[in-house]
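Each remark here refers to the structure printed beneath this line.
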Amino acid sequence: MIPQQKQEADRRRHLRITLKGSKVLLSDGQMGELANASISGIGFWKPDGLDVTPGDNISVTLFYRGEEITGQARVVHVKKTLVGCEWISFADEKQRMAYYSWLLEPEFE
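So in full-length UniProt numbering, spot 92 of the sequence shown is number 92, and the numbers just go up one at a time.
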C-alpha cells in the first residue's frame with residue numbers, strides 16, 4: 001500500500017455506528033437507508049438506479065429522531081449494495097454539531 005492510500009485508509013478507520021430508523025435523501029430525490037455513520041462520513045444502502053462513482057460530490061440530507069441535517073459528501077467507494085462517503089461540509093455549524101451529537105448518543109440496536 002502506498003503512503004497516500006494508507007493515510008486515506010487510516011482516516012476512514014473511525015468507529016462506525018448504526019442510527020436506528022435513520023433515512024438518507026439524495027439530491028436526485030432518491031431515498032435510502034443509512035447503513036452506518038462515523039465522525040468522518042456515512043455509508044448508505046444504494047437505492048436502485050443510483051449512478052455514482054468514487055470521487056463524485058453529492059448532496060445528502062439525513063433524517064434521524066425528527067431532525068434533518070444537510071451536507072455535501074464525496075463518494076469514496078461504491079459496492080453492489082453500499083455507498084461509502086466522507087463528509088465535505090454541512091449546511092451550517094449547528095447541523096454539524098447536531099450530527100456529532102447523534103454519534104455520541106446513538107440508539108443501539
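Heads up, the beta-carbon is just placed ideally off N, CA and C, and yes, glycines get one too. Just so you know, these numbers come straight off a predicted model, no measurement behind them.
A straight line joining the alpha-carbon of Trp102 with that of Leu26 spans about 20 angstroms. Here the alpha carbons of Phe44 and Gly21 stand approximately 12 angstroms from one another. Your pair Val78 and Glu86 does not check out as a contact, with CB atoms roughly 13 angstroms apart and the cut at 8 angstroms.
Within a 10 Å sphere around the beta-carbon of Ile42 sit 16 or more other beta-carbons, which makes this residue buried. In the three-state reduction of the DSSP assignment, Ala35 falls in the strand class, which pools E and B. Proximity to Val60 across Asp28, Leu19, Glu67 peaks at Asp28, based on C-alpha coordinates. Between the beta-carbon of Ile17 and that of Ala37 there is about 6 angstroms, and that keeps the pair under the 8 angstroms contact cut. In this structure, Gln30 places its C-beta atom within 8 angstroms of the C-beta atom of Pro47.
Counting along the chain, the unbroken alpha helix (DSSP H) around Ser101 starts and ends at 93 to 104. As summarised for the region 35 to 91, the continuous beta strand (DSSP E) elements at least 3 residues long and confined to that stretch are 41 to 45, 57 to 64, 67 to 78, 82 to 90, given in chain order. For Leu26, the enclosing beta strand (DSSP E) starts and ends at 23 to 26.
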